[in-house]
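Asks: Just dropping this structure here.
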Amino acid sequence: YLVGVGRADCTGPVAQVPLMGYANPEQVAGGLLSRLYSRAFIVADPERSERVVFVSADIGMVSQRLRLEVLQQLQSKYGDLYRQDNVILSGTHTHSGPGGYFQYTLFWITSKGLVRPALSSIVNGIVKSIDIAHENMKRGRLFINRGTVENSQINRSPFSYLENPESERNRYSSNTDKEMVVLKMVDEDGHELGLISWFAVHPVSMNNSNHLVNSDNVGYASYLFEQEKNKGMLPGEGSFVAAFASSNLGDVSPNTRGPFCANTGESCDNPQSSCPVGGAAMCMAQGPGNDMFESTRIIGQNIYLKAKELYEKASQEVTGPLSSAHQWVNMSNVSVELNATHTVKTCKPALGHSFAAGTIDGVGAFNFTQGSVEGDPFWDQIRDQLLGEPSNETKACHKPKPILFSTGEMTWPHPWHPDIVDVQIAAIGSLAILAVPGEFTTMCGRRLREAVKNEFDSHGTRGMNVVIAGLCNVYTHYITTYEEYQVQRYEAASTIYGPHTLSAYIQLYRGLAKAIALNTTEELPRGPEPPLFNVTNLTLLPSLSAENAPANKNFGDVLEEVGQEYREREVAEVTFVGANPRNSAENATEHNFLTVEKYSNISSSWRVVLNDASWDTRFYWSKGSRGQSNVTIEWHIPAGTEPGVYRLRYFGHYKRRVNLLRTITVPFEGSSSAFQIT
């Protein structure tokens, strides 16, 4: 094959934008723990024209708007080389990245609308990572390996899982998929290029009290792998690219200690995930560490170490033709043949009452509980008044789900949920990547993989390695099995196309697999094109106005100085006169907010040893009154840091008023005093 890899920054604004994932309007960005990246991998057939692009981006999920804009840019740059059928865009599902990049109304509510700078950063980052991969194509080889990851996940809806038939459950040793699949890439001289790992776990080690933008546990795994392979480079630099991509993580949590009542400390591992005092709002899962930062590192390191082992031992070569199959489908109206006599249908999108309960990884508001198969007259009344009552047809279709929001019947100012959904498979020799538009639960993923593998087998394409890539192309919430759907915990209430959603997807993906096996992908109907709504910027974010430094101070001046000396495992901390970090994101695509610098006696100069992409640094922004704000930079000094003289620097932009109508953006910087590490 010809193989190319690329990585580009897609962080975007790190202040004031709501974070995407927990749907908690209070959880607004206020700084940076680690940068977000798009990682792109291109595999091409040197003899024929086929190619496949796989992108994993450190974002909550890929939205339809995001995908359509990326495809538009690729079209104008590369013509028909990169298209909707051979480009897979997958989100890692971190819950600590900026939101606001959606066109469907439901996602505006918790993202404060459509935030153009956030959307643009992700679009540009993805396109740039593909550009870099495209420019670095060289002859190479691919190897695949798989193995088991321990101590890194639990099933967060075990009572739903138990609804699946016992005979089916008995075939599996666990109620989560512990298998990791690793694809290793080297050039023809054996030089290492990169890897993709697929593993099913929610990146929710950082909980909904966090305000620092970061890529969570899987992002930390990428960071460790890339730091290891790009020796001597700053984080985010170097040619080796390691993607830790999402899979069927619907009911899988990294918070391995399980759910406990925050007020009493007793377990709340019950079908309603509810506590005796305080109800569901008190029931929260705990990670393995003492705090969320440590839990993120523990889970991330587990995943990294297994990937490293599988990568080093990978010997099964991937060979064979490349192909891709894609369709757009109206998921609100799919007929599914269950058997010769029985046909069922999917539904217009709707969310159930338990959607509002959230999960043990991030609880909802107003004390909704999971597992509600009855509506609540109080909330239903409010909903009917504000948003309109669901139609009888939609109510019947979704049974036993009590509908909270009938999003498929809500169209103001735009539809609240997608109808048109992408289904897609890319085959690289013996590897089939199923790009799925949401969060499949453990058992859903198993059924889908098995059905697709059997489909390939039945058409003579034997021994395919089938992997699920999650959160691809358009976000449609969750997909549960028909049995799990009956008990209506959070994942089932969020299965928006009704009880037969999984059966519909299995039918559709089997159709794609058949087309690939029989080489008839050209004949697949394209399906109805998704809409691109005419909305470019509509947001409740505060506008960026002129800023001020306190009296007798300048931007970048130190307000609270570092100590004179520190030891390893201590925290060096400095506070500056700051400015809104959004100014920087809107001014430069790859703005670095901070450096840790070490003094070299030999050259009598300062050398940058860390940047803001490091997981050891934290950048906090806090807004004051009268256009003033502060920035605090922390360096959590790791064990093994070389003794010597160091300093912390801050780089920002402030808005200055030139006249009544115009402000300009002015760059500035600040530095702490020097301090000693002993």
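Per our numbering, residue 1314 is the first one in the sequence shown, and the count goes up by one each step. The beta carbon of each residue, even a glycine, is placed where N, CA and C say it ideally should be.
1) I'd like the span of the alpha helix (DSSP H) that includes H1711, first residue to last.
2) Taking the alpha carbon of K1497 as the point to measure from, which residue in Y1624, S1347 and T1774 has its own alpha carbon closest?
3) For R1297, which beta-bridge partners are listed by DSSP?
4) Please look up how many angstroms separate the CB atoms of S1433 and S1351, rounded, as I've assumed it's under 8 Å.
5) What is the residue span of the alpha helix (DSSP H) that G1824 lies within?
6) Apart from the five residues on each side of it in sequence, which residues of its chain come closer than 7 Å, Cβ to Cβ, to V1383?
7) At what residues does the beta strand (DSSP E) containing P1572 begin and finish?
8) Run through DSSP, which three-state label would W1692 get?
9) Find out if the Cβ-Cβ distance for the pair N1896, K1968 is shorter than 9 Å.
10) Considering just the uninterrupted stretch of the beta strand (DSSP E) at I1509, what are its terminal residues?
11) Could you check which residue in A1830, F1472, G1503 and A1336 has the C-alpha nearest to that of N1488?
12) Does DSSP classify N1468 as helix, strand or coil?
13) Can you pull the DSSP bridge partners for S1587?
14) Taking just the CA atoms, how far does Y1533 sit from R1882?
15) Taking three-plus beta-carbon pairs below 8 Å as touching, is the region 1325-1343 in contact with the region 1747-1760?
16) Using DSSP bridges, identify the partner residues of G1721.
17) When the distance is taken between beta carbons, is N1399 closer than 9 Å to R1364?
18) May I ask which residues mark the beginning and end of the alpha helix (DSSP H) holding W1421?
19) Apart from the five residues on each side of it in sequence, which residues of its chain come closer than 7 Å, Cβ to Cβ, to C1287?
20) What are the boundary residues of the beta strand (DSSP E) that includes G1404?
21) Looking only at DSSP bridge pairs, what is R1975 linked to?
22) Of all the options Y1810, W1641 and L1815, which has the alpha carbon lying nearest to the alpha carbon of P1844?
23) Do the region 1869-1883 and the region 1939-1951 touch if we need at least three Cβ pairs shorter than 8 Å?
24) Starting from the N-terminal side, write out each stretch of the alpha helix (DSSP H) that is 4 residues or longer and does not extend beyond the region 1342-1423.
25) Just to check my reading of the structure: M1644 and A1817 have Cβ atoms closer than 8 Å, yes? What is that Cβ distance to the nearest angstrom?
26) So who's on the other strand from W1919, going by DSSP bridges?
27) Can you give me the C-alpha to C-alpha distance between G1545 and G1869, rounded to a whole angstrom?
28) Ends of the alpha helix (DSSP H) at H1639?
29) Can you list, in chain order, the residues of its chain with a C-beta nearer than 6 Å to that of G1811? Leave out the 5 residues immediately preceding and following it.
30) With I1741 as the anchor, note down where its beta strand (DSSP E) starts and where it stops.
31) Going by other Cβ atoms of all chains shown within 10 Å of its Cβ, with 16 needed for buried, is K1542 buried or exposed?
32) What residues in its chain sit with their C-beta under 6 Å from that of G1563, if we drop five residues either side in the sequence?
33) Tell me, please, whether the region 1493-1511 touches the region 1546-1558 by the rule of three or more beta-carbon pairs shorter than 8 Å.
34) Using a Cβ-Cβ cut-off of 7 Å (strictly less than) and excluding sequence neighbours within five positions of S1424, which residues of its own chain qualify?
35) Taking the C-alpha atoms as reference points, what is the distance between A1885 and E1874?
36) Roughly how many angstroms lie between the CA atoms of L1547 and S1927, to the nearest whole one?
Replies: The short version:
1) Unbroken alpha helix (DSSP H) run through H1711: N1705 to H1711.
2) Of the listed residues, the one whose Cα sits closest to K1497 is Y1624.
3) Nothing about residue 1297 can be read from this structure; the chain reaches only from 1314 to 1991.
4) So it is not a contact: roughly 13 Å between Cβ atoms.
5) It spans T1814 to A1830 - the alpha helix (DSSP H) in which G1824 sits, taken as one unbroken run.
6) Cβ neighbours of V1383 beyond the five flanking positions: L1402, V1436, I1439 and V1440.
7) Going by DSSP, P1572 is part of the beta strand (DSSP E) stretching over G1571 to C1574.
8) Taken through DSSP and simplified to helix, strand or coil, W1692 comes out as helix.
9) Closer than 9 Å, so yes.
10) It spans E1505 to W1511 - the beta strand (DSSP E) in which I1509 sits, taken as one unbroken run.
11) With respect to the C-alpha of N1488, the residue from A1830, F1472, G1503 and A1336 having the closest C-alpha is F1472.
12) Here N1468 sits in strand by DSSP.
13) Paired residues: none, contrary to the question.
14) One Cα belongs to R1882, the other to Y1533, and the distance between them is close to 19 Å.
15) When C-beta atoms of the region 1325-1343 are compared with those of the region 1747-1760, fewer than three pairs fall below 8 Å, so the two segments do not count as touching.
16) Bridge partners of G1721 according to DSSP: none are assigned.
17) A contact, by the Cβ cut-off of 9 Å.
18) Secondary structure note for W1421: its alpha helix (DSSP H) is the uninterrupted segment L1419 to S1424.
19) Because the chain is modelled from 1314 through 1991, residue 1287 falls outside the range shown and cannot be assessed.
20) Unbroken beta strand (DSSP E) run through G1404: V1400 to G1404.
21) Looking at the DSSP output, R1975 shares a beta bridge with no other residue.
22) Looking at the Cα atoms, W1641 is the closest of the given residues.
23) Yes, the region 1869-1883 touches the region 1939-1951.
24) Positions of the alpha helix (DSSP H) runs, each at least 4 residues long and wholly inside the region 1342-1423, are given as 1377-1391 in order along the chain.
25) Contact holds; Cβ gap of about 7 Å.
26) Paired residue(s): Y1912.
27) Cα-Cα distance, rounded: 29 Å.
28) Membership of H1639 in any alpha helix (DSSP H) is not indicated; the residue belongs instead to the beta strand (DSSP E) covering L1635 to N1643.
29) Around G1811: T1659, C1660, C1710 and H1711.
30) Start and end: I1733 to I1741.
31) K1542 counts as buried, since no fewer than 16 other beta carbons sit within 10 angstroms of its beta carbon.
32) Counting only Cβ-Cβ distances below 6 Å, and skipping sequence neighbours, we find E1752, F1753, T1754, Y1791 and E1804.
33) Segments in contact, yes.
34) For S1424, where only same-chain residues beyond five positions count, the Cβ hits under 7 Å are P1331, M1333, G1412, G1413 and F1415.
35) Answer to the nearest angstrom: the Cα atoms are 10 Å apart.
36) Here the C-alpha atom of L1547 lies approximately 8 Å from the C-alpha atom of S1927.
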